[in-house]
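Note sheet for the following structure.
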Amino acid sequence: MRFGVVAVLAVACGQAPPRAAPPAMPTPPSVFDAGVAVAVADAPEPPKRLPPGCTQGEVALRLAELEAIDQQVHNNVDSKAVLDAIRAAIARPCLVHLAATIELPKTATNLVLRDGWWSIGSALQEAAVELPLWRGKRTVPIPRELIPPTSDAAAKELAWLACPPNDASCDRVGSYLARAEAAFDTRLRHDEASLQVAEAEWGGTVHTVIPVAACDGTGRKQDEAPKTYESWLNCVTARVPQGRKFTEKRFRSLERGWLILRGRRGHYQAADEIRAYDLATGAAYIVQQQTGVIMTQDQVSLAQRGPQKTTGRLPVDLLREIAFVLLTRKAVVELRTGTAYAELPPKLPLVLSKSLDREYYGRTSWASSDQTTIDFAYIDGAAIRKTGSFTWPNAHDWIDDYVSELLRYMEAGLVKGCAPAKLPPPEALGGKAAKVSPIDASAGTLEKHYQMLEEALEQSRGAACRGAK
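Each residue of the sequence shown is one higher than the last, beginning at 2 in this note's numbering.
Here is the structure:
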């Protein structure tokens, strides 16, 4: 990225370069077009912050500062020094109107800085020189966020999965990470479509465009239009769809242990289940009790016979991938993964108030009556290493949704027959009845079902293949 040649590039793209500074003016004019410069509200006292939107004299200084940061990033200068330099840049009076869109982590690796600096640096350059046009409308750039380090709490929880130094087997999880983040990117595009944000391609890169209607008081769940530039910027920043990324990518491969799933699948026609899957061999033990509000005659007949038992073998690679995603979900964070551009409302007062306090906007969620909770436990030997839950068969939570999708793929490949591994000890398989809505089943009914399921699972031990360990 080169910051010192912006005027030449602007001419090449058909935009006018910054005008020459008129002589002897008390306050040099902004390089923004007339009507889009952001000024500080008139006040009896001098404002604490000077007008943003770099003046002609400041443009060269700011571009030189950004160029220096660019050199630091690509020369692998200490990341703390680079982050401090970026913080200093966005605190400049002529760039402070973009500060609300940039949240920097306390620390970052050089790799993360190189990956995210292009978006941040480009946004700062555009804010310093001239807000970009999109279909004739002036826009404010909202850069992507830098991937933060794993939180202390998450790092502690994930410590047992850390990759030992020089262990090449850890490279096997690379495909899990790549596939998960690709699925998250697909979900992001779906969310962008549902939120009615547009996409534009500039310079070969697709960017999100936040329309005026997103924060002008006319859209759904909007109380009123923002009255100040800061409140509008906070609003559109919150409207940028967030993707998901792993904060850590060096984990050991899970090649042994059992994944135990307990819960109800279905709503009107459902089954309470316990499933035990072996990560070493793909062995599968499944016990089900048919239930539901509306049942076919066949399902009623099955329910009267008691739990149904199934054994066999599953695709082991998919099983390990599912366990990996469930056990590493604490390493996944929500953040903006690309540059967005927000259209400036034509009637928005482009004025900065004295207080630049940030406002926060909530995000929506959704749920459905056909969703159920599946409890899981990861067993290593006879010890329960990790427990948790996810929502089936779809969810607002991206990880839950992805796990359900992988489960459908894996279970479609079940080869029925003997199980190539013996079940863990009974004490490792015990658990509480999975929760369902009291409308669907009483606590007593659930308890009865799971007592029968646990007994049926014990009876399935005889279905292990000859010679299974």
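Cβ atoms here follow ideal geometry from the backbone N, Cα and C, with glycine treated the same way.
So is residue i buried or exposed if we call it buried at 16+ other beta carbons inside 10 Å?
i	result
Pro421	buried
Ala272	buried
His450	buried
Val404	buried
Lys480	This structure cannot settle anything about residue 480, because the visible part of the chain is limited to 2 through 470.
Asn167	exposed
Gln126	buried
Gly264	buried
Gln305	exposed
Arg145	buried
Lys470	exposed
Leu458	buried
Gln452	exposed
Ile380	buried
Pro427	exposed
Thr248	buried
Asp279	buried
Tyr410	exposed
Gln291	buried
Ala65	exposed
Gly463	exposed
Ser123	buried
Glu456	exposed
Ala324	buried
Pro165	exposed
Glu193	buried
Rounded to whole angstroms, how far is the Cβ of residue i from the Cβ of residue j, which I believe are closer than 8 Å?
i	j	result
Leu319	Leu255	So it is not a contact: roughly 12 Å between Cβ atoms.
Pro350	Asp217	About 13 Å; that fails the 8 Å criterion.
Leu62	Pro106	That belief does not hold up - the Cβ atoms of Leu62 and Pro106 are roughly 27 Å apart, past 8 Å.
Val326	Ala181	6 Å
Gly339	His208	6 Å
Leu328	Leu415	The pair is not a contact, with the Cβ atoms about 22 Å apart (cut-off 8 Å).
Thr56	Cys95	7 Å
Ile143	Tyr342	7 Å
Ile87	Ile70	6 Å
Arg472	Trp399	Look at the range of the chain in this structure, 2 to 470, and you will see that residue 472 is not part of it.
Ala214	Val237	Wrong, their Cβ atoms sit about 11 Å apart, outside the cutoff.
Would residue i pass as a contact of residue j if the rule is Cβ separation under 9 Å?
i	j	result
Glu210	Val130	As written in the sequence, residue 210 is Val, which differs from the Glu given in the question. No. Outside cutoff.
Gly307	Ala281	no
Gln289	Leu454	yes
Leu84	Thr108	yes
Thr261	Ala239	With the sequence shown as reference, residue 261 is identified as Ile, and Thr is not the correct amino acid for it. Going by C-beta atoms, Ile261 is not nearer than 9 Å to Ala239.
Tyr269	Leu424	no
Phe185	Lys246	yes
Arg337	Gly244	yes
Gly293	Gly313	no
Ser390	Asp376	yes
Leu159	Phe252	yes
Pro227	Asn235	yes
Lys331	Gln460	no
Val437	Leu430	no
Thr140	Pro133	yes
Which residues share a DSSP beta bridge with residue i?
i	result
Ser471	Limits of the chain in this structure are 2 at one end and 470 at the other, which puts residue 471 out of reach.
Ile287	Arg276 and Thr311
Phe185	None; Phe185 has no bridge partner.
Gly244	Leu336
Val416	Arg314
Glu344	Thr140
Ile385	Ile380
Ala465	Ala420
Thr292	Ala271
| query | Residue ranges of each alpha helix (DSSP H) run of no fewer than 4 residues wholly in the segment 248-276, ordered along the chain? | reply | none
| query | Fully enclosed by the segment 119-168, which beta strand (DSSP E) runs are 3 residues long or longer? | reply | 138-143, all fully within the segment 119-168.
| task | Can you check the segment 76-101 for any alpha helix (DSSP H) of at least 4 residues that lies completely inside it and give the ranges in chain order? | result | 80-91
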